[in-house]
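Heads up, the first sequence is in our numbering, so the first residue is 1 and it goes up one at a time. Quick reminder that beta carbons are idealized off the backbone N, C-alpha and C, glycines included. Structure record follows, encoded as structure tokens.
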Amino acid sequence: MSKLLTKTLREAPAEAELASHQLMLRAGMIKRLSSGIYTYLPLGWRVIKKIENIIREEMDAVGGQEINMPVVHPAEIWQESGRWYSVGAELARFKDRWGREMALAMTHEEVVTDVARQYIDSYKQLPVVLYHLQTKFRDEPRPRGGLIRVREFIMKDAYSFHRDFEDLDRYYPAMCQAYMNIFWRCGVDVTMVLSDVGMMGGSTAHEFMMLSEAGEDTLIFCDKCGYAANEEVATLQKGEPLPRPASVPGIEEVATPGTTEVEQVSQLLGVSTKVVMKTMVYESGDRLVLAVIRGDLDVNERKLANASGVTELKPAEPDRIRRAGMEPGYLSPVGLKGAGITVVVDDSVSDGGPMIAGANKAGFHLKNVLYGRDFSGTVRDIALARSGDRCSRCGSPLRVTRGIEAGNTFKLGTKYSSSMNATFVDVDGERKPFVMGCYGIGVGRLFACIVEGHHDEKGIVFPMTVAPYHVYLIHLGESDDVKEAAQRVYAELDGAGVEVLYDDRDVSAGVKFNDADLIGIPVRVTISKRTLAHGAAELKLRSADEVRLVDLGDLALQIRNMVAAEKRKYNDRRVQYPTVW
RNA sequence: CGGGGCGUAGCGCAGUUGGUAGCGCGCUUGGUUUGGGACCAAGAGGUCCCGGGUUCGAGUCCCGGCGCCCCGACCA
Numbered sequence: 001m002s003k004l005l006t007k008t009l010r011e012a013p014a015e016a017e018l019a020s021h022q023l024m025l026r027a028g029m030i031k032r033l034s035s036g037i038y039t040y041l042p043l044g045w046r047v048i049k050k051i052e053n054i055i056r057e058e059m060d061a062v063g064g065q066e067i068n069m070p071v072v073h074p075a076e077i078w079q080e081s082g083r084w085y086s087v088g089a090e091l092a093r094f095k096d097r098w099g100r101e102m103a104l105a106m107t108h109e110e111v112v113t114d115v116a117r118q119y120i121d122s123y124k125q126l127p128v129v130l131y132h133l134q135t136k137f138r139d140e141p142r143p144r145g146g147l148i149r150v151r152e153f154i155m156k157d158a159y160s161f162h163r164d165f166e167d168l169d170r171y172y173p174a175m176c177q178a179y180m181n182i183f184w185r186c187g188v189d190v191t192m193v194l195s196d197v198g199m200m201g202g203s204t205a206h207e208f209m210m211l212s213e214a215g216e217d218t219l220i221f222c223d224k225c226g227y228a229a230n231e232e233v234a235t236l237q238k239g240e241p242l243p244r245p246a247s248v249p250g251i252e253e254v255a256t257p258g259t260t261e262v263e264q265v266s267q268l269l270g271v272s273t274k275v276v277m278k279t280m281v282y283e284s285g286d287r288l289v290l291a292v293i294r295g296d297l298d299v300n301e302r303k304l305a306n307a308s309g310v311t312e313l314k315p316a317e318p319d320r321i322r323r324a325g326m327e328p329g330y331l332s333p334v335g336l337k338g339a340g341i342t343v344v345v346d347d348s349v350s351d352g353g354p355m356i357a358g359a360n361k362a363g364f365h366l367k368n369v370l371y372g373r374d375f376s377g378t379v380r381d382i383a384l385a386r387s388g389d390r391c392s393r394c395g396s397p398l399r400v401t402r403g404i405e406a407g408n409t410f411k412l413g414t415k416y417s418s419s420m421n422a423t424f425v426d427v428d429g430e431r432k433p434f435v436m437g438c439y440g441i442g443v444g445r446l447f448a449c450i451v452e453g454h455h456d457e458k459g460i461v462f463p464m465t466v467a468p469y470h471v472y473l474i475h476l477g478e479s480d481d482v483k484e485a486a487q488r489v490y491a492e493l494d495g496a497g498v499e500v501l502y503d504d505r506d507v508s509a510g511v512k513f514n515d516a517d518l519i520g521i522p523v524r525v526t527i528s529k530r531t532l533a534h535g536a537a538e539l540k541l542r543s544a545d546e547v548r549l550v551d552l553g554d555l556a557l558q559i560r561n562m563v564a565a566e567k568r569k570y571n572d573r574r575v576q577y578p579t580v581w
């Protein structure tokens with residue numbers, strides 16, 4: 001310990017706000033170099049290695065083969081997949097000395113696909129699962145929360161290659177189970193939720209979320225049937241569509257001064273908000289996207305972006321709306337002219353009868369507006385699920401919580417294999433693109449999740465499986481017999497394969513105890529004149545209050561048992577992942 | 001990129017009407033202590049984020065930049 005490169009801090013640096021961030025800084029596990037870029041100090045790095053080894057074991061158990069792919073990629077491979085052009089500034093690009101375009105790895109689909117097309121020729125070799133633990137760089141717009149969201153990070157990414165979708169479907173649950181095992185063994189309770197496919201592309205995706213207010217994602221749950229989804233994709237029951245009479249009278253303009261919100265219109269006209277159309281305008285580059293939804297619902301921007309085929313949306317500026325011939329506060333999809341406007345209509349509107357819409361004219365609305373007759377657009381579900389909305393599966397009220405995404409799984413399909421011409425010869429002699437899955441875990445983020453979930457007022461309380469050391473050994477007082485006894489205990493434990501951090505510093509008892517609590521090593525062993533008088537050492541679990549004296553002769557055995565028992569708490573339990581979908 | 005905040009010793013902070021920088025913790029040396037962040041004494045440590053301006057004089061006022069944190073848009 002006296003030689004260990006660390007520095008425990010009594011006070012947390014001002015830059016840290018989250019418990020995990022403060023504690024990792026205070027315990028001397030990480031050091032910030034630049035925004036979102038961290039050095040792991042010895043204690044922190046040991047934890048990372050523990051996590052990585054758990055991941056390796058579980059990946060190997062589902063047939064994974066570990067490889068290592070480069071951090072620096074030539075532009076060509078990203079151009080092949082098309083992502084050189086579709087991904088924005090988060091892909092860090094630079095030129096090498098010859099002026100060749102290069103990129104820092106942000107993820108490795110392209111590279112692994114390149115490996116697969118070279119080394120997998122036949123269906124007989126499939127399925128193949130490759131994984132690696134590697135540094136990635138994503139030039140995130142906003143790093144935050146210490147290790148929760150960084151720019152440079154270690155990620156475990158695994159990629160599976162299959163003959164067909166059926167085989168991917170068969171394999172996918174095994175990977176999900178491996179994920180549950182990893183998180184549980186690290187002491188992190190996760191919930192698997194349906195998620196958006198994001199920039200990865202592909203069909204089905206799940207995220208593994210640790211529920212926490214510190215989380216960046218909003219999650220929608222149904223307690224009754226177990227439906228769980230990221231808000232980005234969560235569905236809901238929207239209730240019966242509005243009745244659609246056989247004949248609907250033509251559009252009629254009504255004066256509605258000062259009613260720029262759905263609520264005000266419904267009050268003025270004495271109708272339910274369900275009869276009022278809510279129209280929102282977003283912009284994406286030079287395109288405008290008009291979202292039309294029933295007045296009692298809200299627009300889900302992620303769904304809207306997906307529906308309109310763009311990656312980024314933001315609410316349009318009023319000036320821009322007016323230039324396009326519309327009137328903020330009285331927006332309407334009726335009578336739109338001008339190019340570059342995409343209209344996306346929620347099914348709550350398209351399925352129903354006549355509604356009230358804005359007139360694109362200040363102070364006026366239109367009655368009897370009918371989708372199909374008076375306006376058109378792409379019909380999609382673009383509704384935002386909110387607390388209390390009804391579950392699309394069973395109709396029960398939905399609940400909303402926040403979560404930290406610790407990992408995710410995707411059914412990628414043939415997006416990369418097709419674009420990069422990665423094929424194999426199937427039984428029928430035909431060349432077919434691999435059907436791929438990809439599976440990621442942010443290692444540093446998982447570390448942060450562990451600390452976020454395992455701490456108290458005094459510091460971290462590590463699960464034995466990921467603790468930097470098993471035992472924190474303290475001697476109190478500088479007398480030779482105490483120091484010698486401590487050294488013997490250290491040697492004995494070390495010889496028995498127990499990882500011991502020996503606090504040999506000549507500092508007061510309080511300092512040692514407080515540092516022990518802060519660093520959070522699971523077992524604390526104290527040797528002092530007092531314990532030696534009984535021929536014993538004091539044994540304490542970080543997670544419990546009780547201390548007990550253990551005879552020096554029994555100490556090593558007892559500690560070994562303790563370490564094993566603590567590991568078993570996490571390693572033995574296998575959490576079955578839910579199969580509601 | 002929009003909104004908010006902060007940059008003074010390794011960390012946490014103070015610094016008045018503009019007058020030449022301080023406190024606590026940590027660090028070094030010596031001594032006394034030794035079961036929950038001890039005590040005494042002596043020290044070391046500062047481009048006050050950077051650049052420009054105002055002024056006899058700027059940590060303090062003005063302008064410009066940079067860095068960092070928090071809230072949003074994006075993701076492991």
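Endpoints, alpha helix (DSSP H) assigned at residue i
i      : result
HIS21  : 19 to 26
TYR416 : 415 to 419
ALA565 : 552 to 571
THR531 : 529 to 532
ARG46  : 42 to 61
VAL262 : 262 to 269
ALA75  : 75 to 81
LEU168 : 165 to 185
GLY495 : 480 to 495
Run of the beta strand (DSSP E) containing residue i, from where it starts to where it stops
i      : result
LEU384 : Note, LEU384: premise wrong, no beta strand (DSSP E); not H, not E.
ASP217 : 217 to 222
ARG32  : 30 to 34
GLU327 : Per DSSP, GLU327 belongs to no beta strand (DSSP E) and is neither H nor E.
LYS303 : Per DSSP, LYS303 belongs to no beta strand (DSSP E); it is in the alpha helix (DSSP H), 301 to 308.
C-beta atoms of residue i and residue j nearer than 7 Å
i      : j      : result
ALA359 : GLU253 : yes
SER350 : VAL379 : yes
GLY442 : MET192 : no
TYR570 : ILE521 : no
CYS438 : TYR227 : no
VAL188 : MET210 : yes
GLY388 : GLN237 : no
GLY403 : ASP217 : yes
MET29  : LEU43  : yes
MET59  : TYR131 : yes
Helix, strand or coil at residue i according to DSSP, with G and I counted as helix
i      : result
GLY442 : strand
GLY510 : helix
ALA116 : helix
ASP351 : coil
CYS391 : strand
ASP319 : helix
TRP581 : Low confidence applies to TRP581: its pLDDT is 49, below 50, so where it sits in the model is not reliable enough to give any reading.
THR401 : strand
PRO522 : coil
GLU109 : helix
TYR469 : coil
ARG542 : coil
ILE251 : coil
SER122 : strand
GLY437 : strand
ASP515 : helix
With 16 other Cβ atoms within 10 Å as the buried cut-off, status of residue i
i      : result
GLY239 : exposed
LEU9   : exposed
PHE94  : exposed
ALA544 : exposed
ARG142 : exposed
TRP581 : With a pLDDT of only 49 at TRP581, under the threshold of 50, the placement of this residue in the model should not be trusted; the figure read from the coordinates follows. Counting Cβ neighbours within 10 Å, TRP581 comes out exposed, since fewer than 16 surround it.
HIS162 : buried
TYR490 : buried
GLU283 : buried
From the options, residue whose alpha carbon lies closest to that of residue i
i      : options                           : result
ALA385 : ASP296, THR423, GLY372 and ASN514 : ASP296
PHE447 : TYR439, VAL466 and CYS438         : VAL466
GLY377 : VAL289, PRO328 and VAL511         : VAL289
LYS136 : LYS303, ASN68 and VAL129          : ASN68
THR409 : VAL197, TYR119, ARG144 and ILE48  : VAL197
Near the ligand ADP: residue i beta-carbon under 6 Å from a heavy atom
i      : result
GLY440 : For the ligand ADP, the structure offers nothing, since it holds no ligand at all.
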